[in-house]
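In what follows, a single structure is set out as structure tokens and then discussed.
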Amino acid sequence: MRSSENLSVIVAVGLVLIFCSGMNLLLARTGREGYPVLALSPRAGVEPYGGNLRFNEVVAHRLLDLSIMRERALARAQLMTGLRTPHPERYVVRVRDFSSDEVGASSRPVRSESGDVLLISVASRQLKLEQMDLEDAMTHELVHGLMRERLGARYRELPDWVREGLAVWAGSQILERARFAQSAAEEEGFDLAALLDEQPLLPSLGDDYLEGALLFQGVADEFGSEAVRFFIRSLGDESPEEALSRVTGRSWLELEQLRIRAARRVLQQVRPPAPTVDEVLFGQNFL
Numbered sequence: 008m009r010s011s012e013n014l015s016v017i018v019a020v021g022l023v024l025i026f027c028s029g030m031n032l033l034l035a036r037t038g039r040e041g042y043p044v045l046a047l048s049p050r051a052g053v054e055p056y057g058g059n060l061r062f063n064e065v066v067a068h069r070l071l072d073l074s075i076m077r078e079r080a081l082a083r084a085q086l087m088t089g090l091r092t093p094h095p096e097r098y099v100v101r102v103r104d105f106s107s108d109e110v111g112a113s114s115r116p117v118r119s120e121s122g123d124v125l126l127i128s129v130a131s132r133q134l135k136l137e138q139m140d141l142e143d144a145m146t147h148e149l150v151h152g153l154m155r156e157r158l159g160a161r162y163r164e165l166p167d168w169v170r171e172g173l174a175v176w177a178g179s180q181i182l183e184r185a186r187f188a189q190s191a192a193e194e195e196g197f198d199l200a201a202l203l204d205e206q207p208l209l210p211s212l213g214d215d216y217l218e219g220a221l222l223f224q225g226v227a228d229e230f231g232s233e234a235v236r237f238f239i240r241s242l243g244d245e246s247p248e249e250a251l252s253r254v255t256g257r258s259w260l261e262l263e264q265l266r267i268r269a270a271r272r273v274l275q276q277v278r279p280p281a282p283t284v285d286e287v288l289f290g291q292n293f294l
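Numbers 8 to 294, taken from the working numbering, label the letters of the sequence shown in order.
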């Protein structure tokens, strides 16, 4: 190969590398650099399922409801966040055979022939067991998608208590997570109320999802749900702490007390009611 041909090859390779680097930088600014490419053919927003449980009667029956459930969940997610998507068809639900039994639902942005898509994966095992509220789980994942659509790469920079706390709050999953937290605390010999109060000498709750959701529930209880939606709209310009303090007019210490009040209200629904005096006396007489 002549030197002129070598030079042409080097220049061509250099141009390709420059182009790829430029595209990576562009995609990184939009938060899309990690999107996998999938071939999707959804029907009414639901990808056909061909997994291991496709012949299970319970799964087959629940598959028929997924499209309507997706529409309700999308409506709920938009109502709770105040965010409207101009492309509802880009929110696609599929049923997936997860290798882990602990996964109920997850979501990730992907690319398809029709453009960027938020792919929500629901565990086939959960359809079979019917232990999970699928509409709540879809609403949770759709909140992630709506906020990612609004904030772009900025969404990934938000802390878990904002991203997951808002999704749990909007998905009406606070009671469910509180019950899990109650069981976990009892196994360790702790009082959940004390952990939520963050009393000295006790470990932290360690659940940013629940603690964030309780904070937003407290804001909704005392200032109205519109205050939470106003907070969401402010996230593009301010830090979460600054936005929440400005929206509520409360210091961070006051917001912590607001969260604790919300936690106590939730715990009243999680814990069994204390026995009445008559019940205690009857039990003593019975013994």
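Glycine is no exception: its CB is placed at the ideal position from the N, C-alpha and C atoms.
With distances taken between CB atoms, is the gap from residue 131 to residue 66 smaller than 8 Å?
yes
Would you mind listing the alpha helix (DSSP H) stretches within the region 101 to 162 that are 4+ residues and don't spill past its ends, in chain order?
131 to 136 and 141 to 158
Put residue 91 into one of helix, strand or coil per three-state DSSP.
coil
Would the C-beta of residue 162 count as close to the ligand GDP, meaning under 7 Å from any of its heavy atoms?
Because no ligand of any kind appears in the structure shown, any question about the ligand GDP cannot be addressed here.
Pull up the distance between the alpha-carbon of residue 202 and that of residue 180, whole angstroms please.
19 Å
How many whole angstroms separate the CB atoms of residue 144 and residue 111, which I take to be in contact at a CB cut-off of 8 Å?
So it is a contact: roughly 6 Å between Cβ atoms.
Distance between beta carbons of residue 128 and residue 101, contact taken as under 8 Å:
6 Å
Could you tell me which residues DSSP puts in a beta bridge with residue 98?
125
Limits of the alpha helix (DSSP H) - the one that residue 223 falls within
215 to 230
Taking Cβ to Cβ, would you say residue 169 is nearer than 8 Å to residue 219?
In contact: residue 169 and residue 219 (Cβ atoms closer than 8 Å).
Using a Cβ distance threshold of 8 Å, determine whether the region 224 to 240 contacts the region 86 to 94, with at least three qualifying pairs required.
Cβ pair count under 8 Å is three or more, so yes.
To the nearest angstrom, how far is it from the Cα of residue 82 to the Cα of residue 98?
12 Å
Please report the Cβ distance between residue 116 and residue 155, rounded to the nearest whole angstrom; I am assuming they are in contact, meaning their Cβ atoms lie under 8 Å.
7 Å
Would you kindly work out how many angstroms separate the C-alpha atoms of residue 153 and residue 176, rounded to a whole number?
15 Å
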